[in-house]
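**Q** Next up is a structure, given as structure tokens.
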Amino acid sequence: MDPKPILKRSASGAGIMEARQKYQGLQSLLGGNSRLLEIMADLEADLRFLPLGSASLEHQIRDLLEGTLLMIEDLNYLANGRFQALYAAYLKLEQSIQESLETSQKGAEPTWVRKISEIGLGHTQEVGGKAAHLGELKKILPEAIPEGFAVTAEAYQAFMSDPVLAAEIRALLDTLEVSSDRGRFKAKADRIRDILLKAHVPQPIAGAIREAGAAFGPPVQRWAVRSSAIGEDGTLTFAGQFESFLNVPPSQLVAAYQRVLASRFSERAITYRLMGGFTEVATPMAVLFIPIIEARSAGVIYTQDPAQPDQDQLLISSTWGLAGDMVAGLAPADLFRVDRKDPGQVESQGVLKKTRLIWGDPSQVQRVENSPAEQEAFSLNPEEIQRLFALALTVEGHFGGPQDMEWAIDQKGKIWILQARALKLIAPSEQGGTIPQERPILSGGQTIFPGRAVAPVQVILDPREFPLVSEGVILVVPQAVPEIASVLPLLTGFIAEQGQPTGHAATLLREFAVPSLFGLSGATEKLTSGAMIGLDASHRQVFTGQPWPDIRERTLARMAQPKINRPSSPLSALILKLNLTDPQARHFTPESCESVNDLIRFIHEKGVAAFFEVGDQETRKRQTPTRRLASSLGLDLYVRELGNALAPEALSKKEVRPEEIRSLPFQALWRGMVHPQVSWAGRREIDLKGFASVMVSSLGQDMGAMRKLGDPNYLLVGPDYLNLNIRLAYHYAMVDSLIGPVTENNYVNFRFQGGGGSRDRRDLRARFLRDVLLSSRFSVDLRGDLVTAWLRGYPRQSSEAGLELLGKLMGCARQLDMLMANESVRRHYVERFLAGDYQAFA
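Numbering-wise (the working numbering), the sequence shown opens with residue 110 and increments by one.
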């Protein structure tokens with residue numbers, strides 16, 4: 110329930126009555142705006158997790174639409190009906206949203222299982238990329254692709270749609286995206302997996318899995334159960350992010366299915382999805398079941414060398430037995446480079462292969478020692494290399510591009526293709542870089558992804574210590590393992606003493622463009638944690654210090670860029686996408702509203718502007734008692750009190766002092782604004798480029814639509830209420846708060862947008878505000894340079910503390926965009942503010 114101000118005493122004159130009626134309209138609009146922002150925040154999370162057609166989603170969407178319609182009515186009351194066109198825009202959006210919901214609810218009987226021979230690339234959204242690619246290949250290479258089946262993404266969605274299960278997991282996932290506490294992140298991920306493993310697979314799905322497995326009869330005694338998530342093996346590969354379960358007996362197929370689903374919520378898999386901008390709902394898990402193959406040899410094929418595509422070579426990695434240790438980076442492998450133009454030309458690099466993986470007890474694999482002769486012998490003979498080469502080119506030709514393939518040769522010498530996915534090649538532009546004059550401290554190894562990095566070293570000897578990795582380091586490890594996915598967002602570079610260029614870790618590093626070297630012997634001993642180094646992965650060299658001074662700053666700025674959220678559905682765009690970002694733009698009109706978020710943004714902006722107009726008109730008529738605020742801050746503020754908010758001695762004055770305002774939220778905000786270390790004067794120093802960008806930006810703005818410096822700004826106060834709408838030259842701030850005896854009614858709203866600097870500087874300031882507010886209990890919504898934040902339901906003391914912080918923050922953030930030259934400057938000011946060093950902003 111939105112709190113309404115209590116007006117206890119009457120006032121004479123039609124002017125003040127109209128002003129108070131308009132104020133109540135604005136209060137209704139602002140209250141609706143705050144409530145709808147919260148609904149949208151919940152919807153944004155739910156649309157990432159819940160499938161379309163969910164009853165919970167439909168209820169929230171209906172609530173959002175009804176609230177938006179009420180806001181349209183409030184705006185037209187404030188603006189004397191000037192925005193009737195909003196009704197047409199609303200009806201158009203409502204119809205599109207309803208059609209989207211109805212489409213998602215239509216469908217045939219659910220399909221839980223598909224045989225590999227029944228599917229192809231057209232079924233990618235049903236069974237995932239891994240299964241769909243195998244089904245496609247079975248059409249052209251039927252003897253080389255094992256038969257099996259896939260449990261569909263629809264089955265996963267049905268499993269996850271159980272109301273109790275969905276509510277518990279959704280609550281845990283809700284804050285993971287913004288969690289900076291690695292320990293809490295891991296604990297929540299562990300909890301989600303535990304919930305899934307204890308849940309019951311719905312009987313129709315469990316029955317379909319058992320029936321599909323039984324259809325293969327007694328000859329198939331063991332299965333490989335692997336992930337095939339939607340989005341996997343696509344633009345991003347998800348290499349090594351989900352668990353596979355091998356040698357699974359028929360009696361344990363359902364349990365293995367459940368364990369694959371649970372692996373979707375490992376710490377590294379969640380981090381990987383966040384890095385790639387994937388939503389939960391956009392990557393449902395299908396699961397692939399294939400009869401096991403008694404592999405004599407196994408490995409990976411790259412139909413091109415991704416690091417050196419100009420060499421025109423096909424790469425084959427191979428080992429004895431199963432390839433699990435090899436692709437995980439835990440064991441070495443033979444490497445064969447085949448000339449694509451002359452396949453008879455093969456460069457062979459053998460390694461000592463002490464052990465191999467073989468099938469063991471049910472659901473187990475075991476390592477056994479190879480004989481002395483096998484340890485040194487190549488795991489492929491020349492004839493097998495040529496057969497693999499021919500098959501690989503057939504697969505590449507069918508899919509029309511370089512491929513990353515997994516293969517196995519069974520005990521009878523038959524070749525099986527177990528996986529095929531697109532292979533990312535490295536563009537020539539990513540391989541440049543000048544070489545310093547000084548001698549490198551390390552050189553050699555193999556380039557996985559080229560490029561340069563300058564950063565402190567962090568040596569981690571055990572993957573279990575990856576949660577200790579710091580942001581912005583060059584990570585140095587003994588072995589390259591897929592677990593690095595959990596720390597990829599933090600890395601500027603990567604060095605491994607051992608690792609396979611065809612393994613999962615290499616694939617991940619290439620996907621996220623992390624300059625990296627494998628096979629750099631002695632790196633963990635010669636490099637010391639904390640030492641600054643320069644890594645030149647292109648030329649396979651490591652230097653002390655900062656050989657390229659500009660690289661570190663550019664890398665940190667790139668790492669700080671917000672991740673791109675991939676749209677999960679047309680419904681998300683109709684509700685959440687914000688297209689109207691600039692209130693001064695010519696297209697900021699009702700007809701340009703393409704989403705509910707656009708409508709809410711437009712209504713809020715025009716509602717505040719309409720209320721300003723009421724204040725301006727009444728001030729000119731001199732019918733409303735509006736008093737100037739007397740202060741030393743240099744702000745042209747006019748106070749309009751809404752009943753019992755002024756000391757008796759101030760009622761007859763034209764100018765009122767802050768101490769004469771009897772408003773609890775005002776006094777809290779004012780304490781922050783007049784903090785002795787907070788300066789509201791011009792800055793002592795400015796960044797000249799920032800000042801220049803202000804001048805250029807201001808030349809292109811329509812200042813006629815903005816309250817200019819010197820125009821009055823209004824402060825509305827009641828005993829328990831405050832609304833401050835203030836435009837200072839180039840930026841706009843709003844504080845709206847109610848603090849009373851009922852804790853659940855207390856709220857503090859804050860909105861900040863604009864600035865005189867360039868767009869990138871305004872965005873940097875907005876991220877400064879976001880980080881400070883998130884560290885101070887506020888919930889925050891950030892969209893470009895628009896920051897919306899709120900506190901809800903906090904007791905009086907905490908609510909007052911939030912307002913006091915906002916007072917300090919507004920003073921410190923003034924003209925800060927002129928100083929926001931880069932990401933390190935932004936982080937510096939976040940640290941200074943949180944440390945209480947407000948003089949740093951003067």
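We put the CB at the ideal spot given by N, CA and C, even for glycine.
Indicate whether the contact test is met: 3 or more Cβ pairs, each with one atom in the region 485 to 492 and one in the region 227 to 244, closer than 8 Å.
**A** Because the criterion of three Cβ pairs below 8 Å is not met, the region 485 to 492 and the region 227 to 244 do not touch.
**Q** For the beta strand (DSSP E) containing K917, name the first residue and the last one.
**A** Where K917 is concerned, there is no enclosing beta strand (DSSP E), although the alpha helix (DSSP H) it sits in stretches over 905 to 922.
**Q** Given a cut-off of 7 Å, decide if S625 and V566 are closer than it, judged by their beta-carbon atoms.
**A** Their beta carbons are not under 7 Å apart, which means V566 does not touch S625 by this criterion.
**Q** Can you list, in chain order, the residues of its chain whose CB lies under 8 Å from that of Q361, leaving out five sequence neighbours each side?
**A** Here the set comprises P471, S472.
**Q** Alpha carbon to alpha carbon, how far is R171 from V851?
**A** Computed Cα separation, rounded: 29 Å.
**Q** What is the residue span of the beta strand (DSSP E) that G602 lies within?
**A** Segment 600 to 607, the beta strand (DSSP E) holding G602.
**Q** What did DSSP end up calling L200 once you bin it into helix, strand or coil?
**A** DSSP places L200 in helix when its eight states are reduced to three.
**Q** Once you ignore the five residues that flank A296 on each side, which residues in its own chain have a CB closer than 8 Å to its CB?
**A** Excluding positions up to five away in sequence, the list is empty.
**Q** Can you check DSSP and say which residues form a bridge with Y856?
**A** Y856 pairs with L847, R901.
**Q** What does the alpha-carbon distance come out to for the pair L454 and T503?
**A** According to the sequence as given, residue 454 is Gln; it is not Leu. So the alpha carbons of these two residues sit roughly 19 Å apart.
**Q** Do the CB positions of V363 and A315 come within less than 7 Å of each other?
**A** Cβ atoms of V363 and A315: closer than 7 Å.
**Q** Please report the Cβ distance between I518 and E493, rounded to the nearest whole angstrom; I am assuming they are in contact, meaning their Cβ atoms lie under 8 Å.
**A** Their Cβ separation, rounded to whole angstroms, is 6 Å, which keeps I518 and E493 in contact under 8 Å.
**Q** State the Cα-Cα distance for the pair G752 and R293, rounded to the nearest angstrom.
**A** Looking at the two C-alpha atoms, the distance is approximately 47 Å.
**Q** If we ignore side chains and look at the alpha-carbon of each, how far apart do M394 and S630 end up?
**A** When rounded, the distance between both Cα atoms is 39 Å.
**Q** Could you tell me whether the Cβ atoms of L534 and P418 are closer together than 7 Å?
**A** Yes, these two residues count as a Cβ contact at 7 Å.
**Q** Taking 8 Å as the threshold, find out whether the region 267 to 277 comes into contact with the region 550 to 559 through three or more Cβ pairs.
**A** The region 267 to 277, when compared against the region 550 to 559, does not touch it at the 8 Å Cβ threshold.
**Q** Can you give me the start and stop residues for the alpha helix (DSSP H) that S625 sits inside?
**A** From DSSP, S625 is part of no alpha helix (DSSP H) but of the beta strand (DSSP E) over 625 to 627.
**Q** Measuring straight from C-alpha to C-alpha, what distance separates L878 and F192?
**A** Approximately 32 Å between the Cα atoms of the pair.
**Q** Whose C-alpha, out of Q422, R766, D443, is nearest the C-alpha of A432?
**A** It is D443.
**Q** Do F398 and V334 have their C-beta atoms within less than 7 Å of each other?
**A** Yes; because the gap between Cβ atoms is below 7 Å, this pair is in contact.
**Q** Nearest CA to the CA of A482: which residue from Y381, A499, A198, W429?
**A** The shortest C-alpha separation from A482 is found at W429.
**Q** Can you have a look at I249 and say buried or exposed, based on whether 16 or more other CB atoms are within 10 angstroms of its CB?
**A** Classification of I249: exposed, given that the 10 Å Cβ count is below 16.
**Q** Leaving out five residues on either side along the sequence, give the residues of the same chain with a beta carbon under 8 Å from the beta carbon of A150.
**A** So the list reads S888, D890, once near-sequence residues are dropped.
**Q** Check whether the Cβ atoms of T616 and P587 sit closer than 7 Å, and answer yes or no.
**A** No, they are not a contact pair.
**Q** Can you say whether G244 is buried or exposed, counting buried as having 16 or more other CB atoms within 10 angstroms of its CB?
**A** G244 should be labelled buried.
**Q** Candidates S205, G140, A321: which alpha carbon is nearest A259's?
**A** Answer by Cα proximity: A321.
**Q** Taking the alpha carbon of L135 as the reference point, which residue from D946, E714, R780 has its own alpha carbon closest?
**A** Answer by Cα proximity: E714.
**Q** Let's see if you can read the secondary structure: which residues bound the alpha helix (DSSP H) around W779?
**A** Segment 773 to 782, the alpha helix (DSSP H) holding W779.
**Q** Residues in the same chain with beta-carbon distance under 7 Å from R649, minus the five sequence neighbours each way, listed in chain order, please.
**A** Counting only Cβ-Cβ distances below 7 Å, and skipping sequence neighbours, we find S552, G553, G554, T556, L626.
**Q** Tell me the DSSP secondary structure of F942 in three-state form.
**A** Three-state result, F942: helix.
**Q** From what residue to what residue does the alpha helix (DSSP H) around F498 run?
**A** Segment 491 to 508, the alpha helix (DSSP H) holding F498.
**Q** Would you call the CB atoms of L833 and L847 closer than 7 Å?
**A** No, the pair does not count as a contact, with Cβ atoms beyond the cut-off.
**Q** Which residues does DSSP pair with R476 in a beta bridge?
**A** DSSP, once it has assigned bridges, lists L466 as partnering R476.
**Q** What separation, rounded to the nearest whole angstrom, lies between the Cα atoms of Y947 and A898?
**A** Spanning the two alpha carbons is a distance of roughly 21 Å.
**Q** Pull the bridge partners of Y411 from the DSSP assignment, please.
**A** Note: Y411 sits in a beta bridge opposite L424, D513.
**Q** What separation, rounded to the nearest whole angstrom, lies between the Cα atoms of D342 and E700?
**A** Per-residue confidence for D342 stands at a pLDDT of 49, beneath the threshold of 50, marking its modelled position as unreliable; no derived number is given.
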